[in-house]
Every structure is written in C-alpha cells, then in structure tokens.
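Quick notes on the structure that follows.
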Amino acid sequence: DTLWDLAIAEVENRENPEDDGKHVEIWEKSILFMGNKNGGKTTIILRCLERDEIPKPTLALEYTFGRRARRHNTPKDIAHFWELGGGTSLLELIRIPITSNNIRSFAVVLVLDLSKPNELWTTMEKLLQVTRNHVKKILTKLEKTNPEVATEIKQRMRNNLQRDHPDYELVDPFPIPLVIIGSKYDIFHEFDSEMRKIISKTLRFVSHYYGASLVILFSDSFSLPFLLKARVLINHLAFGYDKSKSVSVDHSKPLFIPAGLDSLSQIGPPPASDSDIGKMRANTPLELWKKVFEKTFPPKSFCDLQDTKDPAQDLQYAEYEVDVMRAQKNQELEQYKRNASKSWKEMDFEPD
1 DTLWDLAIAE
11 VENRENPEDD
21 GKHVEIWEKS
31 ILFMGNKNGG
41 KTTIILRCLE
51 RDEIPKPTLA
61 LEYTFGRRAR
71 RHNTPKDIAH
81 FWELGGGTSL
91 LELIRIPITS
101 NNIRSFAVVL
111 VLDLSKPNEL
121 WTTMEKLLQV
131 TRNHVKKILT
141 KLEKTNPEVA
151 TEIKQRMRNN
161 LQRDHPDYEL
171 VDPFPIPLVI
181 IGSKYDIFHE
191 FDSEMRKIIS
201 KTLRFVSHYY
211 GASLVILFSD
221 SFSLPFLLKA
231 RVLINHLAFG
241 YDKSKSVSVD
251 HSKPLFIPAG
261 LDSLSQIGPP
271 PASDSDIGKM
281 RANTPLELWK
291 KVFEKTFPPK
301 SFCDLQDTKD
311 PAQDLQYAEY
321 EVDVMRAQKN
331 QELEQYKRNA
341 SKSWKEMDFE
351 PD
C-alpha cells in the first residue's frame with residue numbers, strides 16, 4: 001500500500017471504530033441539471049442541499065457537491081451536482097461531466113420553464129437529444145472495453161417499468177435516470193385551462209415515454225410541499241434515499257408522477273381532434289405529440305434560443321488586470337486583421 005492508502009485507511013478507522021476493519025462502500029453519484037435559462041435550476045440545487053444562499057446566474061457549467069451519511073458513524077456519501085447554464089446555447093459542454101468513468105452512477109434533471117411554452121419543446125428536444133447521443137457514444141465504447149457495464153446500463157434503462165406493464169414495448173427509456181421538473185407553476189396556473197391541459201398532458205407523455213419522473217414546482221420553491229417531493233426524487237438519485245410512491249395526476253394541480261407510475265391509457269390521446277391528428281404525418285408517438293403541441297405553441301427558432309450575450313462583457317465578472325490585457329489583445333488582433341487584409345489586396349495574382 002502507498003502512504004496515501006494508509007492515510008485513507010487510518011481516517012476511515014477513526015471515523016468508524018465500530019466497523020472492526022470492515023469495508024464500508026461510499027456512495028458517489030453525479031447529477032447534471034439543465035433546462036431553460038432562468039428556469040430555477042440553481043434554486044432547486046441549493047434547496048436540495050439545504051443551503052440558504054441567494055442564487056446567482058450560471059455562466060456556463062458550474063459544479064458543487066453535497067455529502068450525506070446514511071447512518072450514524074459511517075462515511076458520508078458524496079453527490080456531484082453539475083449545472084449547465086445558458087439554456088441551449090452551450091450544448092457542447094454536456095460531454096464534460098458525463099464520462100465513461102461515471103456513466104453507471106449518472107442522472108439528469110431537466111428543468112423546463114412552464115411560463116415559456118413556446119420554448120418548451122425546442123429546449124427539451126435539443127438538450128435531451130445531445131445528452132442521449134453523447135451517452136450512446138459512451139455505451140458504444142464500453143461495449144468494446146467493458147461489455148458487462150454496458151449491458152448493466154442498458155438493462156437498467158427498463159427497470160422503472162415492470163415487464164407486465166401494458167406500455168413496456170411502447171416506450172423508449174432514456175439511457176440514464178431522468179427527472180423532468182416543470183418550474184413556475186404559479187405563472188402557468190394563470191394560463192387558459194385548455195393551454196394548461198395541453199402542456200400538462202404533453203409533459204406526462206414525454207416523461208412516461210422516456211421512463212422519467214415528473215414534478216411541477218412554483219416559482220417560489222423555497223418552502224412549498226412540492227419542493228419536498230422534488231427533493232425526495234433528487235435525493236434518491238444522489239444518495240440512494242427511498243423513492244416516493246405518492247402520485248398526483250390532477251391537471252388542475254401541480255403534477256407529481258415518479259417514473260413507472262403512469263400509463264398511456266391514463267394520459268389519453270394527444271389533445272387534438274381526430275381530423276387534425278389524421279392530417280399530421282408522424283413516424284413515432286413522440287413525433288405526433290410534438291406536432292400537436294407545436295400547433296398550439298409555435299416554437300421559437302433554435303437561433304432565438306441561443307444566448308447571444310458575451311459573458312466577457314458582463315460587469316459581474318469584471319477583473320481589472322484581465323480586462324486590460326484582453327483589451328490590448330483585442331487591439332492587436334484588429335491590427336493584425338487590417339495588416340493581413342492589406343497584404344492580400346496588394347498581392348498580384350497571375351491568371352491561370
């Protein structure tokens with residue numbers, strides 16, 4: 001053993017004198033929070049970790065962690081919390097926290113702003129699509145390097161739905177555990193009842209189709225009962241706490257549906273007339289629901305959802321020495337561009 005191994009063993013023995021040398025496995029999991037910009041991701045993380053802090057805007061990809069002890073005098077389990085900022089403008093950063101080393105213990109929490117239904121489907125689709133593609137690439141590599149782990153992850157995809165569930169062959173589970181949170185219910189509640197019904201049924205379908213849990217939160221999610229339910233779901237992913245078995249499917253109230261406890265028969269068909277549905281060409285149930293949803297809520301273009309504000313110009317992150325050097329380098333770059341342009345113009349190219 002190395003000196004470092006001996007030091008770790010000594011600390012564990014001091015913290016766990018009752019274990020008499022028995023090895024205690026430390027639970028270590030990771031969760032990536034993503035979704036609409038200003039949708040409440042940071043607030044949810046802080047409340048789950050019971051931190052009384054004022055949330056700050058997330059610049060790009062931020063990290064924090066939490067620790068919990070499963071019982072007295074045992075090492076604390078660790079949960080890594082990642083948060084992707086910028087809505088859909090920083091999709092390429094998704095690959096950073098999700099790796100082949102932690103894929104077995106990784107989960108995703110998608111936070112959707114219910115007050116912006118015209119952004120909802122595009123945001124959800126882009127984020128889940130990029131995440132799914134990245135996870136599939138990791139699984140493809142694992143099939144060659146560690147096939148047992150790849151098989152375990154694929155089998156676990158189906159665990160939320162019993163084999164005798166009527167929808168077992170009709171859904172397409174997300175490759176890693178997924179929780180979908182709809183935020184700002186208090187604003188959403190002021191919408192027309194038909195609009196609320198379309199959004200609620202659509203979220204129920206998407207969650208069930210992907211084998212995800214669904215929970216709806218208010219804007220002020222500091223002390224309301226549904227925050228506690230969200231914490232139960234997230235603590236289950238992060239620390240292995242027991243899952244909640246309670247269900248709320250009343251569309252006139254905030255929804256709470258743990259994975260595997262819904263069904264297509266309870267959700268019902270897409271909220272559109274038979275004639276409208278007959279005119280829509282769709283290859284999958286998900287595609288049909290998308291067309292029905294976007295008929296009522298035309299999507300913003302992907303470009304509109306891009307965060308065009310340059311973080312380098314944000315006064316919140318001002319640093320005098322860095323900013324002075326950056327300004328100098330910008331001037332040098334502009335001068336280089338002018339000189340290069342002049343050189344190209346002066347060149348006399350002979351015709352072929």
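Quick note: the sequence shown, position 158, residue 158 per UniProt numbering, numbers continuous. Every residue, glycine too, gets a C-beta built ideally from N, C-alpha and C.
Beta-carbon separation (whole angstroms), residue i vs residue j, contact threshold 8 angstroms
i: S244; j: L233; result: 7 angstroms
i: H251; j: K295; result: With a Cβ gap of about 19 angstroms, H251 and K295 do not count as contacting.
i: A212; j: K29; result: The Cβ separation is near 17 angstroms, so there is no contact.
i: F205; j: W289; result: 5 angstroms
i: D167; j: S263; result: 6 angstroms
i: I103; j: V135; result: 7 angstroms
i: L214; j: L203; result: 6 angstroms
i: T123; j: N36; result: 5 angstroms
Same chain only: Cβ atoms within 7 angstroms of residue i, ignoring 5 sequence neighbours per side
i: S246; result: F256
i: R132; result: F174, P175
i: S115; result: K184, I187, F188
i: K291; result: M280, A282
i: R338; result: none
i: S100; result: I138, K141, L142
i: R68; result: K76, D77, F239
i: T308; result: Note on T308: pLDDT 48, under 50, position unreliable in the model; the coordinate value appears next. No residues qualify anywhere along the chain.
i: P55; result: T42, T43, L46
In DSSP terms, what residue i is bridged to
i: F293; result: Beta-bridge pairing links F293 to no other residue.
i: G260; result: Note: G260 sits in no beta bridge, so no partner.
i: S183; result: D113
i: G240; result: Answer is none; G240 lacks a bridge partner.
i: L178; result: V108
i: K29; result: A79
i: L214; result: I180, I257
i: M34; result: L110
Nonlocal neighbours in the same chain, by C-beta distance under 6 angstroms from residue i, ignoring five residues either side
i: C48; result: R231, I234
i: K126; result: T88
i: K300; result: N118, E119
i: Y241; result: N235
i: G66; result: L49, A79
i: G21; result: Low local confidence applies: a pLDDT of 44 at G21 is under 50, so the model's placement there is unreliable, with the coordinate-based value given in what follows. Correct list: empty, nothing qualifies.
8 angstroms Cβ shell around residue i - same chain, five flanking residues per side excluded
i: S248; result: P254, L255, F256, I257
i: V171; result: L161, H208, Y209, Y210, G211
Hey, is the region 92-111 in contact with the region 172-187, meaning 3+ C-beta pairs nearer than 8 angstroms?
-> Touching, yes, given that three or more Cβ pairs across the two stretches are closer than 8 angstroms.
Inside the region 57-137 only - beta strand (DSSP E) runs reaching at least 3 residues | Runs of the beta strand (DSSP E) inside the region 57-137: 61-69, 76-84, 106-113.
The region 135-146 / the region 33-47 touching (three or more Cβ pairs under 8 angstroms) | These segments do not touch.
Counting Cβ pairs closer than 8 angstroms, one from the region 264-276 and one from the region 86-96, do we hit at least three?
-> No contact exists between the region 264-276 and the region 86-96.
Within the chosen definition, does the region 77-90 reach the region 51-63 through at least 3 CB pairs nearer than 8 angstroms?
-> Output reads yes: the region 51-63 touches the region 77-90.
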